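**Q** Could you have a look at this structure, given as structure tokens, before my questions?
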Amino acid sequence: MPVFIIRRLLQSVLVLFFMSLVVFVGVYAIGNPVDILINPQADQADIARAIAALGLDKPLAQQYLIFLKQALAGDLGKSFAYDIPAIQLILERMPATLELALLATGMAVLLGIPLGLWAGLAPDSWPGKLIMAGSILGFSLPTFWVGLMLIMVFAVELGWLPSNGRGPSTELLGVAVSFLSWEGIRHLVLPAVNLALFKLSLIIRLTRAGTREALLQDYVKFARAKGLSNARVVGVHVLKNIMIPIVTVIGLEFGSVIAFAIVTESIFAWPGMGKLIIDSIKVLDRPVIVAYLLVIVSLFILINLAVDIVYSLLDPRVRISEAKG
Amino acid sequence: MVVQTARFAVTGLICAALSLAGTLSAAAAELRIGLAADVTSLDPHFLNVAPNNNAAWQIFDALVHVDANARLAPGLALSWRAIDPTTWEFKLRKGVKFHDGSDFTAEDVMFSLERPATLAASPGPFTGFVKPIAAKKIIDPWTIQLKTAAPYAMLLHDLNSIFIVSKKAAAGAATEDFNSGKAAVGTGPYKLVRFARGERIELARNDAYWGGPRRAAWDKVTLRILPADSARIAALLAGDLDAIENIPTADLTRLKTNANFRLEQKVSWRTMLLHLDQYRDHPPGLGDKSGKQLAKNPFKDARVRLAMSKAINRRAIVERVMEGHAIAAGNLVSPPVFGHVDALNAEAYDPETAKRLLAEAGFPDGFALTLHAPNDRYVNDEQVAQAVAQMLARVGIQTKVETMPASVYFAKARAGEFAFALLGWGSFSGDLALRALLATANADKGYGAWNWGRYSNPKVDALLEQGFATLNETKREALARAAATLALKDVPLILLHHQLASWAMKKDIAYSPRTDEYTFARDFRPN
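Those sequence lines, one after another, are chains A and B. Numbered by my numbering, the letters in the first sequence go through residues 27 to 351 in order. Numbered by my numbering, the letters in the second sequence go through residues 27 to 553 in order.
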């Protein structure tokens, strides 16, 4: 296991290196932040000086080498637009995004697996059909539309919940979280539901399909023949066997919720990382874009590692030393 | 002096009238405003972009202010005069206190004028505004003299862009010290309480504000950052906000008819225009209808430029695309702005004359071109470009539209990749707009930095230079008008419309809308 983890981490360093190179070249190809940020009335001399001050007048290769040298020393550069370290900018937005992502994923898992099991065990009953019909809606309605509808109904028309923003935050173990206050929870509900909807539908469908398949397997028939209770057959034997694909999907979806909650964050004005990356791309704030993607890639690597470890816990046949890549 | 006294009398009357109104709505002690763009820093000298300046104006003042019509007005400087062609003397307002209780003096002005040049790593520095100042001299704590190398009338406008910070609080301060509030000590109507980056700015009333209680009517002001239009409007409708800025045209009608809200509009200083390449023989994207190169650049012929201008139905663009929230433009600057020429009207829609002019210029069958436009920068920019393309097609100019995000667009435009391109321009004055857009490009003098089409008219340049050296405002405005009239006669670019800026608020709040599009808490009042 330690060997496996070390090898994984070494591979990750390579991935991070290539990623930074691609992003660097990509942002360079789009344009120059000074063109966007400088006062339109500025004369040519001012423009040239601003470009030089940010180091953008140097050849691309040299700019990248400077970045690499600083990055190895733990410095990902200062944001052009905010004038503070890019990594600090990202880390101060992270708690808001993580909070939202955890709540949304939690909702999706805690509701999705029981509902999926129900639909799988009783596919022809009306609740089973209703769950499946609902999951199709959750799949096919676009997130931004659902978000707007949630706001129109629950905030504008009914006035039950705030229309957007994050509630007051309190410190928990040094992290600013908002779910500890009533006001904070009220602000969390709508964006979390909006973000959870798609994942919930996905988990329902996966669980249902897995359950239907598992019920036909010999080991389930054998367990039934042995006279085990229905609860034990479903709760232990079926559930454990269908979990592997579900865990994979939960892991991937959790990563994508963190990285790409942009639509929900914009609609609900949630001060998370998604809003930051959009603003930064608009003004070509390269240090922030590069640092953000490095953080996200690292997160994905960690999540995948965690998923692999969970596999081995769920299924003793999966030897972790074999799970390469 | 007579004017000054009259001003005080009027101010006194308004104050009396409003203090009555103020006592009636004690409940409205907090104002929550939704802003449309992110504020990256509260350091007022770091990055010169409108959202940051808008935030800085709540906390800081400048020597010279501009009023709702973008005309100069006294700020921290009570009065000014040119004692010789290159020396300006400013009398500062006495008794003004910074938020920390210290006195505002000429030392703070000196410090604030020097600070922009000390901030090296800014992608949008303020240095251009202080560069013309060759020497500064403090005469007494409330008098300061500024010397320029040559007679320079724009100094007053430039000083409107330099915020005055407290020397005591800001000496040696970095951007982070302003964000934390330690150095963000100004003389403005509101004090900084908390800056939550990307989320909100919390302000509290400055009880000692020199503009009086009328200009600081709220105990607390919260500026929420809500760049998504739908989120901003939903927050207003749901009652989470009291006022919002920058309303999309599609929602204006709905808010107008809603009895719970008030809409305020004013013609913005932003003019939409189309640049035409008048310097290359074969500009990119131009050809005949089969895609072959043209024998000559049609934009070099004034008749073609006029024909294209006549082919555009500005009324249709204003009424349909902008849904009535714009006015057709015949000037580089909008009506209230310095240097606007009333006699210049928007070109009338006349497709028949346009076709005749094209035929006379040797293009009876028209030609083909590509119109480039940003798609996330101006109000309905992409739709405006589409409408223009269809109108040009009607007189035989086959037009393809290519749009892209502003981050890509401006770099390409500056690199000269477009022959026919959309630009929106906001200026304090007509001569400033001419200097940037139509003066002969000259990097040393800072002329023509945005003259994408490279129009060049020595007579216009001469009038501009004469104007910038004329310290008398009336004479300078006459020169600015003459230069604009002369330049626009050649149709060096195609003017489209002036945008209207919009604000929406709850019925019981009033706002005095501004041509410069800024959203100032001090201009909101309980109604």
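Glycine included, C-beta positions come from ideal geometry on N, C-alpha and C. Here the structure is a predicted model, which is why all the values come from computation and not from measurement.
(1) For T530/B and R288/B, I'd like the C-alpha separation in whole angstroms.
(2) Could you tell me the distance, in whole angstroms, from the CA atom of M180/B to the CA atom of F494/B?
(3) Taking only three categories from DSSP, how would you classify Q89/A?
(4) Should the stretch 312-323 of chain B be regarded as contacting the stretch 454-464 of chain B, the criterion being three or more beta carbon pairs within less than 8 angstroms?
(5) Starting from the Cα of V396/A, find the closest Cα among L223/A, V309/A, D150/A and L339/A and give me that residue.
(6) Looking at C-beta atoms only, is the number of pairs between the stretch 188-195 of chain B and the stretch 109-128 of chain B that lie closer than 8 angstroms three or more?
(7) Taking all protein chains shown into account, do 16 or more other C-beta atoms lie within 10 angstroms of the C-beta of A52/B, making it buried, or fewer, making it exposed?
(8) Taking 8 angstroms as the CB-CB cut-off, is V319/A touching chain B?
(9) Whose CA, out of I211/A, V182/A and R34/A, lies closest to the CA of L126/A?
(10) So which of I329/A, A145/A, A55/A and E291/A has the shortest CA-CA distance to H213/A?
(11) Starting from the beta carbon of G154/B, find every residue of chain A whose beta carbon is closer than 8 angstroms, and list them in chain order.
(12) Hey, how far is the Cα of R250/A from the Cα of V259/A?
(13) Is DSSP giving Q525/B helix, strand or coil here?
(14) Return the chain-ordered ranges of every alpha helix (DSSP H) run that is complete within the stretch 203-283 of chain A and spans a minimum of 4 residues.
(15) Under a three-way DSSP split, which group does L312/B fall into?
(16) Among A202/A, N58/A and V48/A, which residue has its Cα nearest to the Cα of A439/B?
(17) Pull the bridge partners of N468/B from the DSSP assignment, please.
(18) Within 8 angstroms (strictly less), CB to CB, does G224/B reach chain A?
(19) Please go through the same chain and pick out, in chain order, the residues whose beta-carbon is closer than 6 angstroms to the beta-carbon of K426/B, but skip the five residues on each side of it.
(20) Applying a beta-carbon distance threshold of less than 8 angstroms, which residues of chain B neighbour S189/A?
(21) For the alpha helix (DSSP H) containing S105/B, name the first residue and the last one.
(22) Check R192/A in the structure and name its three-state DSSP category.
(23) Excluding the five sequence neighbours on either side, which residues of its own chain have a C-beta within less than 6 angstroms of the C-beta of R231/A, listed in chain order?
(24) Between the stretch 461-471 of chain B and the stretch 323-343 of chain B, do three or more beta carbon pairs fall short of 8 angstroms?
(25) Output yes if chain B places a C-beta closer than 8 angstroms to the C-beta of S292/A; else output no.
(26) Give the single residue among E202/B, F364/B and K217/B whose Cα lies nearest to the Cα of E499/B.
(27) Taking the continuous alpha helix (DSSP H) assigned at K194/B, which residues delimit it?
(28) Which residues in the same chain as E209/A place their Cβ atom closer than 7 angstroms to its Cβ, once the five residues preceding and following it in sequence are excluded?
(29) Would you tell me roughly how many angstroms separate the C-alpha atoms of T233/A and K247/A, rounded to the nearest one?
(30) Which bits of chain B does K104/A rub up against, with CB to CB less than 8 angstroms?
(31) Count the other C-beta atoms from every protein chain shown that fall within 10 angstroms of the C-beta of F44/A, then say buried if there are 16 or more, exposed otherwise.
(32) Report yes or no: do three or more beta-carbon pairs, one from the stretch 270-289 of chain B and one from the stretch 518-534 of chain B, lie closer than 8 angstroms?
(33) Which residue marks the beginning of the alpha helix (DSSP H) containing Y318/A, and which one marks its end?
(34) Spatial neighbours of F368/A within its chain, please: C-beta separation below 7 angstroms, excluding the five flanking residues on both sides.
(35) Quick one: give me the first and last residue of the beta strand (DSSP E) that M430/B is part of.
(36) Quick one: give me the first and last residue of the beta strand (DSSP E) that H398/B is part of.
**A** Reading it off the structure:
(1) The sequence given here has Ala at residue 530/B, not Thr. Using only the alpha carbons, I get a separation of about 6 angstroms.
(2) 6 angstroms
(3) helix
(4) no
(5) Past the edges of chain A, shown from 27 to 351, lies residue 396/A, and the structure says nothing about it.
(6) yes
(7) Unreliable positioning characterises A52/B in this predicted model, as indicated by a pLDDT of 42, which lies under 50. A coordinate reading is not provided.
(8) Correcting the residue type first, residue 319/A is Leu in the shown sequence and not Val. No, because no Cβ of chain B sits closer than 8 angstroms to the Cβ of L319/A.
(9) I211/A
(10) E291/A
(11) N65, Q67, A68, D69 and D72
(12) 7 angstroms
(13) strand
(14) 208-241 and 244-251
(15) coil
(16) N58/A
(17) Y473/B
(18) yes
(19) T396
(20) A257, A260, A261, L263, A264 and D266
(21) Run containing S105/B: none in the alpha helix (DSSP H); it sits in the beta strand (DSSP E), A103 to D110.
(22) coil
(23) S161
(24) no
(25) yes
(26) F364/B
(27) K193 to A196
(28) G193 and P194
(29) 19 angstroms
(30) A147
(31) exposed
(32) yes
(33) R312 to L340
(34) Examination of residue 368/A is not possible in this model, given that chain A is present from 27 through 351 alone.
(35) Q424 to M430
(36) A394 to P400
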